[in-house]
Every structure is written in C-alpha cells, then in structure tokens.
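These notes are about the structure you will find just below.
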Amino acid sequence: MIAALRHYDPPSLNDRLRNVQAMTRPLLLEIIDKACRRLPSLAQSERTARLARLIDAEAWADAALALMELELPLWQVRRIAYDEGEWHCAISRERELPDWLDAAVEARHADLALALLSAFIEVQALAMDAPRPSVPSVRPAPDPLYEPVACDNFG
Numbered sequence: 000m001i002a003a004l005r006h007y008d009p010p011s012l013n014d015r016l017r018n019v020q021a022m023t024r025p026l027l028l029e030i031i032d033k034a035c036r037r038l039p040s041l042a043q044s045e046r047t048a049r050l051a052r053l054i055d056a057e058a059w060a061d062a063a064l065a066l067m068e069l070e071l072p073l074w075q076v077r078r079i080a081y082d083e084g085e086w087h088c089a090i091s092r093e094r095e096l097p098d099w100l101d102a103a104v105e106a107r108h109a110d111l112a113l114a115l116l117s118a119f120i121e122v123q124a125l126a127m128d129a130p131r132p133s134v135p136s137v138r139p140a141p142d143p144l145y146e147p148v149a150c151d152n153f154g
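FYI, in numbering that gives the first Met the number 0 the residues of the sequence shown are 0 to 154.
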C-alpha cells in the first residue's frame, strides 16, 4: 500500500485544485490516479461504470460525488452551499450530529466539482495520516483473580 501512495502528495494536489479555474477530464483522471486507493482494486461494476459514464459526459459534480461514494463509503456530504461566488462543501462521517459536535471536513472553490474534490483530497490526507496497527487490537483477557462484588445494602 505504501508503494501505491508514494506519489500521492495531498498538499500539492490541493494547491493545484485551488489554483484551477474549472474541472477537466485530465485533472479528474490525475486525481483518480494519485488519490484513489479503493477504485483500482474494485472490479468493473455498475458503480465504476457509472463513474466512467459521468466522466465521459463531463458531469463533473456528479462524478465527484460518485467518486466519493466509491472511495469514502463511510463519509457523506453534510452541506453544500453557495455564498459570495464560492461553493462550500462539508463532508462528514456523522452527518446526523449537530454542527458543533461534528468533525466535518470543509472545502471551498468557485467550481462545485472542485470544492467537492478538495474536501475529498482532505479526507484522503487524513486517512493517510491516521495510524493503523498491522494487527487488530483485542481486549486483554480478564484477570483470573478478578471477581465482581455486589455493594448493595439490602438492610
């Protein structure tokens, strides 16, 4: 997995997205090549075929949403808003939580697809930085001398 992500540099990719005025097919294919970990391993399915059709149709916002659905299945769009010439996009793992409790990832851009993809890149960067043990952790076995004691006063 490390070898596959060696060429992935989230800050430079985010800077590039920030400086681009509009989405293009080569840019989206570069994002897929550099930032997507799950998509290459997915077999040709209806969802990947749908993404290819959206890219061919140049439906960039829909393609960004489909890409996020494939790559980040636990994340959902929390908010999309347009304000003062920019699209603001927030994606979250806990969409039903109040704003002040949620740790949403937010991005903004004049182009909706680029705002969505900027948030996507931020989440991918967070996922890369998160430490993952090579072996799942298990709870330790309880001490054999441990016995629960009832402390109720029935008298």
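All C-beta atoms in this analysis are idealised placements derived from N, C-alpha and C, irrespective of residue type, glycine included.
Excluding five sequence neighbours on each side, which residues of the same chain lie with their C-beta closer than 8 Å to the C-beta of residue i?
| i | result |
| --- | --- |
| Ala62 | Leu27, Leu50, Leu53, Ile54, Ala112 |
| Leu125 | Val104 |
| Arg5 | Low confidence applies to Arg5: its pLDDT is 43, below 50, so where it sits in the model is not reliable enough to give any reading. |
Can you tell which of the options has its C-alpha closest to the C-alpha of residue i?
| i | options | result |
| --- | --- | --- |
| Ala114 | Gln75, Glu146, Cys35, Ile79 | Ile79 |
| Thr47 | Arg24, Ile30, Leu66, Asp32 | Leu66 |
| Val76 | Glu83, Asp82, Ala60 | Ala60 |
| Thr23 | Ala56, Asp14, Arg36 | Ala56 |
| Met127 | Arg94, Glu95, Ala34 | Ala34 |
| Leu64 | Cys150, Val148, Asp98, Ile31 | Ile31 |
| Arg36 | Cys150, Ala149, Gln123 | Gln123 |
Near residue i, which residues of its chain fall below 7 Å by C-beta distance, leaving aside the five closest residues on each side in sequence?
| i | result |
| --- | --- |
| Ala21 | Asp110 |
| Ala106 | Cys88, Ala114, Ser117, Ala118, Glu121 |
| Val19 | Leu26, Leu113 |
| Gly84 | Ala109 |
| Met0 | Note that Met0 scores a pLDDT of 39, beneath 50, so its modelled location is shaky; the value from the coordinates is reported in the next line. Correct list: empty, nothing qualifies. |
So residue i packs on residue j, CB below 8 Å; how close in whole Å?
| i | j | result |
| --- | --- | --- |
| Trp74 | His108 | About 18 Å; that fails the 8 Å criterion. |
| Ser91 | Asp82 | Incorrect: roughly 19 Å between the Cβ atoms, too far for contact. |
| Leu71 | Leu38 | In fact, because the Cβ distance is near 11 Å, the residues do not count as touching under 8 Å. |
Who are the near neighbours of residue i in its chain, counting only those whose CB is closer than 6 Å to its CB and skipping five residues on each side?
| i | result |
| --- | --- |
| Ser11 | none |
| Glu29 | none |
| Asn152 | none |
Taking 8 Å as the cut-off, is the CB of residue i close to at least one heavy atom of the ligand GDP?
| i | result |
| --- | --- |
| Asp32 | Of ligands this structure carries none, so the ligand GDP is not represented either. |
Checklist entry - What are the uninterrupted segments assigned as alpha helix (DSSP H) that are 4 or more residues long and contained completely in the region 8–57, given in chain order? => result If we require 4 residues or more, the alpha helix (DSSP H) runs fully inside the region 8–57 come out as 9–18, 24–34, 45–55.
Checklist entry - What runs of the beta strand (DSSP E), each 3 residues or longer, lie entirely inside the region 95–134? => result You should have 104–108.
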